[in-house]
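Participant: Just so you know, the protein sequences line up as chains A and B, in that order. Start counting at 1 in the first sequence, then tack on 298, and there's your number in the numbering used here. Start counting at 1 in the second sequence, then tack on 1166, and there's your number in the numbering used here. Quick one: structure below, then a few questions.
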Amino acid sequence: MNELELKKLWQTTNDKLAENFVINKKNTEDITRIKVQNLLGSMKPLKIFALLIGFLWVGIGSIILGSIYLNSFSEANKFFLFSGSIQVGLTAMAIFVYLYQLITIYQVDITDSIINTQKKLSSLKITTLWVNRILFLQLPVWTTFWWNETIINDWGILQWSIRLFFTISFTVVAFWLFINIKYENRNKKWFQLIFNGKEWIPLMKSMELLEQVDEYKDENAST
Amino acid sequence: MDKQKQQQFFEGIIEQHKGILFKVARTYCPNVDDQQDVIQEMMIQIWQSIHKYNDQFKISTWLYRISLNVAISFYRKNTTRAEKYTELNEQLVEISLDDKSENERQLKLLEQFISELKEIEKALMILYLEDKSHTEIAEILGISVSNVGTKIGRIKERLKKRFSQLKS
């Protein structure tokens, strides 16, 4: 089948099918009247909600920790203070990612070219990986925030060994994941094990799509 | 443009260019229910973007950009979005197909090959089959004209190879 036959086959048959395709006029009118959530609009409330909760958490945490630093640093439990500070600091970083996502959502223009729009939309989805990297980085502080000098002094070698084993393991795993959770490792088995499930399908597809977009961009740059 | 004129413009372009929405939806969504959802999303996006329409673009270029962006995004989401359309109760579209048509049968064969293409290649293929110029395809996709030529050449070769394999 040559090129012209191929096109003719597509056009004639699709035109015939398109003729039989009827758009309900009432629905066309309804679309101009109702306030329906669109593709990206549906993402905004969730992001705004996450931002508000995050700001609240970081705000309250900063006030509590700040007052300890300023007023009672010498008497404070340093394990709680430093673990809490790291946790609040990392949450603040996650908030910045959400803020970036929200700004990107407002910037996406569905009438822009396919490559530009899909690049933005895929990148937007992939920044979700950043949130996960940051969440994993918080792992070690959840093993230390409850420590205090009294219980540390009571610990024997066995208890020390167990606690340190968990804290060091969590720290190594957290840093390893922080470094390795990235787009380039999407095909690794451990990556697919972590990001397995229905809710991650859009993320995986975004990665595939970004790869396609990059192929087109690369060739654009080289031509 | 006031609201009433926008509505008339919107209804006019939907009626006149419904074929674009239909063809794009049909290429990206084999399931008829998904086709209806994606066409509805396209129409919503067209309506919401109508104030941004710039007449320096051909209306078909603008519509292809929106419909392809929506169809590709729909592929990414891969979820049933019916719950978002509770306010639109009536059947949006009525599609009547003559399954016994020889053209339809042959088209299914071609669509099988197209379905194996990657998402952006599908967009390129629709535009190529619709006889769009390389310049217009470049405007819709956002790549250079020479890149369009290269990509189309490669896809054509693959399709020819598949057709010849089928014949042999």
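Every residue gets a Cβ at the ideal spot worked out from N, C-alpha and C, and that includes glycine. As the structure is a computational prediction, the values presented were derived from the model and not from experiment.
Count the other CB atoms within 10 Å of the CB of residue 385 (chain A); is the residue buried (16 or more) or exposed (fewer)?
Facilitator: Classification of residue 385 (chain A): buried, given that the 10 Å Cβ count is 16 or more.
Participant: What residues from chain E crowd round residue 305 (chain A), counting only those whose CB sits closer than 9 Å?
Facilitator: The structure shown contains no chain E; its protein chains are A and B.
Participant: Can you say whether residue 456 (chain A) is buried or exposed, counting buried as having 16 or more other CB atoms within 10 angstroms of its CB?
Facilitator: Per the 10 Å Cβ criterion, exposed.
Participant: Looking at the C-beta of residue 527 (chain A), does it have a partner C-beta in chain B at a distance below 8 Å?
Facilitator: The requested residue 527 (chain A) does not occur in the structure, where chain A is confined to residues 299 to 521.
Participant: Take every Cβ of the stretch 465 to 473 of chain A, pair it with every Cβ of the stretch 490 to 500 of chain A, and state whether three or more of those distances are shorter than 8 Å.
Facilitator: The stretch 465 to 473 of chain A, when compared against the stretch 490 to 500 of chain A, does not touch it at the 8 Å Cβ threshold.
Participant: In or out: residue 1162 (chain B) buried (at least 16 other Cβ within 10 Å) or exposed?
Facilitator: One cannot answer for residue 1162 (chain B) here, as it falls past the ends of chain B, which runs 1167 to 1334.
Participant: Distance, Cα to Cα, residue 372 (chain A) vs residue 461 (chain A)?
Facilitator: The straight-line gap from Cα to Cα measures roughly 25 Å.
Participant: How about residue 1207 (chain B) and residue 1241 (chain B): are their beta carbons less than 8 Å apart?
Facilitator: In this structure, residue 1241 (chain B) does not lie closer than 8 Å to residue 1207 (chain B) by Cβ.
Participant: Please list the partners that residue 1226 (chain B) has in chain A, where partner means a Cβ-to-Cβ separation under 7 Å.
Facilitator: Under the 7 Å cutoff, chain A gives no residues; its nearest Cβ is about 13 Å from residue 1226 (chain B).
Participant: Can you tell me which of A:413, A:390, A:309, A:441 puts its alpha carbon nearest to the alpha carbon of residue 348 (chain A)?
Facilitator: The shortest C-alpha separation from residue 348 (chain A) is found at A:390.
Participant: What does residue 514 (chain A) reach in chain B if we use C-beta pairs closer than 8 Å?
Facilitator: Near residue 514 (chain A) (Cβ distances below 8 Å), the residues of chain B are 1286, 1307, 1309, 1313, 1317.
Participant: Under 7 Å Cβ-Cβ, which residues of chain A neighbour residue 1278 (chain B)?
Facilitator: Result: empty, since nearest Cβ-Cβ is about 13 Å, beyond 7 Å.
Participant: Since residue 1227 (chain B) contacts residue 1305 (chain B) with CB under 8 Å, what's their CB separation in whole angstroms?
Facilitator: That belief holds up - the Cβ atoms of residue 1227 (chain B) and residue 1305 (chain B) are roughly 5 Å apart, short of 8 Å.
Participant: Please tell me whether residue 1179 (chain B) has its Cβ less than 8 Å away from any Cβ of chain A.
Facilitator: It does not: the Cβ of residue 1179 (chain B) has no partner Cβ on chain A nearer than 8 Å.
Participant: Using a Cβ cut-off of 9 Å, pull out every chain A residue sitting near residue 1231 (chain B), in sequence order please.
Facilitator: Result: 408, 409, 410, 411, 412, 415.
Participant: Rounded to the nearest angstrom, what separates residue 508 (chain A) and residue 465 (chain A) at their Cα positions?
Facilitator: Those two C-alpha atoms are separated by around 36 Å.
Participant: Take residue 1189 (chain B) as the anchor and find which of A:378, A:344, A:311 has the nearest alpha-carbon.
Facilitator: Comparing Cα positions, the closest option is A:311.
Participant: 8 Å is my cut-off, CB to CB: does residue 1236 (chain B) come that close to chain A?
Facilitator: Yes, because at least one Cβ of chain A sits closer than 8 Å to the Cβ of residue 1236 (chain B).
Participant: For residue 1216 (chain B) and residue 435 (chain A), I'd like the C-alpha separation in whole angstroms.
Facilitator: Going from the Cα of residue 1216 (chain B) to the Cα of residue 435 (chain A) covers about 45 Å.
Participant: Can you give me the start and stop residues for the alpha helix (DSSP H) that residue 474 (chain A) sits inside?
Facilitator: Counting along the chain, the alpha helix (DSSP H) containing residue 474 (chain A) begins and ends at 455 to 478.
Participant: Any idea if residue 1320 (chain B) is buried or exposed, counting beta-carbon neighbours within 10 angstroms, 16 or more meaning buried?
Facilitator: By the 10 Å Cβ count, residue 1320 (chain B) comes out exposed.
Participant: Verify whether the separation of the beta carbon atoms of residue 326 (chain A) and residue 1323 (chain B) is less than 8 Å.
Facilitator: Against a cut-off of 8 Å, the Cβ pair of residue 1323 (chain B) and residue 326 (chain A) comes out as no contact.
Participant: Considering only C-alpha positions, which residue in the set A:495, A:420, A:428 is nearest to residue 510 (chain A)?
Facilitator: Comparing Cα-Cα distances from residue 510 (chain A) to each of A:495, A:420, A:428, the minimum goes to A:420.
Participant: Taking a contact to mean a Cβ-Cβ separation below 8 Å, would you say residue 403 (chain A) touches residue 422 (chain A) in this structure?
Facilitator: Yes, the Cβ-Cβ distance between residue 403 (chain A) and residue 422 (chain A) is below 8 Å.
Participant: So residue 511 (chain A) contacts chain B; which residues on that side make the cut at Cβ distance below 9 Å?
Facilitator: Here the neighbours are 1286.
Participant: Check the Cβ of residue 375 (chain A) against every Cβ in chain B and list those closer than 8 Å, keeping chain order.
Facilitator: Within 8 Å Cβ-Cβ: nothing; residue 375 (chain A) doesn't reach chain B, min ~46 Å.
Participant: Shortest alpha-carbon distance to residue 492 (chain A) belongs to which of A:359, A:396, A:430, A:369?
Facilitator: Of the listed residues, the one whose Cα sits closest to residue 492 (chain A) is A:430.
Participant: How would you label residue 484 (chain A), buried or exposed, when you count the other beta carbons within 10 angstroms and need 16 or more for buried?
Facilitator: So residue 484 (chain A) counts as buried.
Participant: Which whole-angstrom value is the C-beta distance of residue 379 (chain A) and residue 361 (chain A), which I expect to be below 8 Å?
Facilitator: So it is not a contact: roughly 14 Å between Cβ atoms.
Participant: Does residue 303 (chain A) pass the burial test, meaning 16 or more other C-beta atoms within 10 Å, or should it be called exposed?
Facilitator: That one is exposed.
Participant: Could you give the residue range of the alpha helix (DSSP H) that holds residue 436 (chain A)?
Facilitator: Premise fails: residue 436 (chain A) is in no alpha helix (DSSP H) and is neither H nor E.
Participant: Write down the C-beta distance between residue 415 (chain A) and residue 1213 (chain B) rounded to the nearest angstrom, noting that I regard them as a contact closer than 8 Å.
Facilitator: The Cβ separation is near 18 Å, so there is no contact.
Participant: Just confirm the distance between the C-beta atoms of residue 443 (chain A) and residue 382 (chain A), as a whole number of angstroms; I'd bet it's less than 8 Å.
Facilitator: Indeed, because the Cβ distance is near 6 Å, the residues count as touching under 8 Å.
Participant: By alpha-carbon positions, which one of B:1211, B:1238, B:1239 ends up nearest to residue 1229 (chain B)?
Facilitator: It is B:1211 whose Cα lies nearest to the Cα of residue 1229 (chain B).
Participant: Express the C-alpha separation of residue 1183 (chain B) and residue 1273 (chain B) in angstroms, rounding to a whole number.
Facilitator: If I take the Cα positions, the gap works out to 21 Å.
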